[in-house]
Amino acid sequence: MLTSFFFFVHQAISSKGHHSVSYTLSRTQTVIVEYIHDRETDMFQVGRSTESPIDFVVTDTISGNQNTDETQITQSTISRFACRIVCDRIPPYTARIFAAGFDSSKNIFLGVENETNILQDGSLIDLCGATLLWRTADGLLHTPTQKHIEALRQEINAARPQCPVGFNTLAFPSMERKDVVKKKDVEDKQPWVYLSCGHVHGYHNWGHRSDAESNERECPMCRTVGPYVPLWLGCEAGFYVDAGPPTHAFTPCGHVCSEKTAKYWSQIPLPHGTHAFHAACPFCATQLSGENNCVKLIFQGPID
């Protein structure tokens, strides 16, 4: 029996037709788990590695204006093989996440007691360097599509919002032009907002309160002093929680989305490093600030 057992162990480990993982419990105890093909589930592997076993390659998230072409990650904190997600092929298509971590003593541990590994719509997956959002098919039915977001953009522009001071017509750039829009175009048509009050203006270079606070401006409509930033329509549909009109902007980045979406993400603490949590814009990962982390936009219609 002992000879047969060792033959089985050697065969399980060395066979190219079998996949197995061995766990050493002690000097005299080793557990070998053989993996077999499962026709009822699909497995997806997530991690930093670009090797073929990885289905979704994840890189470190750089927040806000630090995310440029020149920005480089010197040392990633994301594991090469960060986690695995196993999805059932039959209804209700349950998805489970499997991952390991290290405790304060640098010992590896699997799972957390009294916690479920079943993913639900809106579950956040912290990979220590990037946070993934899990959306289900049912959950995405309540979000806008890219075509719907584009239709909302065109609807706002068709209303011809105007700068209340310069009376020039404002317009959000298209999704295709958003990342390549020229500075002159930004100055001419790009909507800007005073984050302290929500009044939307065109670009102007006056109203500074001091040289020390170059971004602190006084709103010419209500005299409120605060940051003055350009507005950008959030274009990632998966981050929306409803298909409502884009009426609110995150502070201080200026990304625009629906009221329900803005208030939802303003109250969600996202992992920051290994010991902190804070609310962040889902579109650019900028840490949110201000009284409510978002502001309602006040547009002025055309004066004909």
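With the numbering used here applied, the sequence shown corresponds to residues 123 to 426, in that order. All residues carry an ideal CB built from backbone N, CA and C; glycine is no exception. Nothing here was measured: the structure is a model prediction, and the numbers come from that model.
With DSSP as the reference, please indicate the residues paired to residue i in a beta bridge.
{"i": "S380", "result": "P368"}
{"i": "D210", "result": "T163"}
{"i": "W314", "result": "H323, P352"}
{"i": "R339", "result": "H330, G348"}
{"i": "I154", "result": "S144"}
{"i": "C205", "result": "V168"}
{"i": "Q242", "result": "Its beta-bridge partners do not exist; DSSP assigns none."}
{"i": "Q409", "result": "A402"}
{"i": "G288", "result": "DSSP lists no partner for G288."}
{"i": "P393", "result": "F399"}
{"i": "F361", "result": "BP columns for F361 are empty, so no partner."}
Considering just the uninterrupted stretch of the beta strand (DSSP E) at residue i, what are its terminal residues?
{"i": "I176", "result": "Taken as a continuous stretch (DSSP letters only), I176 belongs to no beta strand (DSSP E), as it is neither H nor E."}
{"i": "R218", "result": "217-220"}
{"i": "F231", "result": "230-232"}
{"i": "L254", "result": "253-255"}
{"i": "A398", "result": "398-400"}
{"i": "V417", "result": "416-418"}
Please look up how many angstroms separate the CB atoms of residue i and residue j, rounded, as I've assumed it's under 8 Å.
{"i": "F220", "j": "V234", "result": "Contact doesn't hold; Cβ gap of about 12 Å is too wide."}
{"i": "Y316", "j": "Y362", "result": "The Cβ separation is near 25 Å, so there is no contact."}
{"i": "I200", "j": "L249", "result": "5 Å"}
{"i": "Y157", "j": "S142", "result": "7 Å"}
{"i": "F405", "j": "G348", "result": "Wrong, their Cβ atoms sit about 21 Å apart, outside the cutoff."}
{"i": "Q284", "j": "L292", "result": "7 Å"}
{"i": "R437", "j": "M165", "result": "Missing from the structure shown is residue 437; the chain here goes from 123 to 426 and no further."}
{"i": "P352", "j": "Q389", "result": "At roughly 25 Å, the Cβ-Cβ gap does not stay under 8 Å, so P352 and Q389 are not in contact."}
{"i": "G360", "j": "L262", "result": "7 Å"}
Using a threshold of 7 Å, is the CB atom of residue i nearer than that to any non-hydrogen atom of the ligand SAM?
{"i": "R345", "result": "With respect to small molecules bound, the structure shown includes none, and the ligand SAM cannot be examined in it."}
Return no unless some Cβ of chain D is closer than 8 Å to the Cβ of residue i.
{"i": "E358", "result": "The question asks about chain D, but that chain is absent: this structure has only one protein chain."}
Any idea if residue i is buried or exposed, counting beta-carbon neighbours within 10 angstroms, 16 or more meaning buried?
{"i": "W314", "result": "buried"}
{"i": "T396", "result": "exposed"}
{"i": "V155", "result": "exposed"}
{"i": "V168", "result": "buried"}
{"i": "H323", "result": "buried"}
{"i": "T216", "result": "exposed"}
{"i": "R339", "result": "buried"}
{"i": "N415", "result": "buried"}
{"i": "F289", "result": "exposed"}
{"i": "K304", "result": "Unreliable positioning characterises K304 in this predicted model, as indicated by a pLDDT of 45, which lies under 50. A coordinate reading is not provided."}
{"i": "D259", "result": "Here the sequence assigns Ala to residue 259, which means Asp is not the residue at that position. It counts as exposed."}
{"i": "T383", "result": "buried"}
{"i": "T238", "result": "exposed"}
{"i": "V417", "result": "buried"}
{"i": "L147", "result": "exposed"}
{"i": "I368", "result": "Looking at the sequence itself, residue 368 is Pro, so the reference to Ile does not match. Buried, because 16 or more other Cβ atoms sit within 10 Å of the Cβ of P368."}
{"i": "L241", "result": "buried"}
{"i": "L392", "result": "buried"}
Starting from residue i and walking both ways along the alpha helix (DSSP H), at which residues does that stretch end?
{"i": "R275", "result": "268-280"}
{"i": "D260", "result": "259-262"}
**OP:** Would you be able to state if there are at least three C-beta pairs under 8 Å between the stretch 402-415 and the stretch 360-378?
**Re:** Look at the beta carbons and you see the stretch 360-378 touching the stretch 402-415: at least three pairs across the two are nearer than 8 Å.
**OP:** State whether the stretch 259-269 contacts the stretch 278-288, with contact taken as three or more CB pairs (one from each stretch) at a distance under 8 Å.
**Re:** The way I'd put it, the stretch 259-269 doesn't touch the stretch 278-288; fewer than three beta-carbon pairs between them come closer than 8 Å.
Subject >> Three-pair Cβ contact test at 8 Å for the stretch 240-256 versus the stretch 338-348 >> reply: Segments in contact, no.
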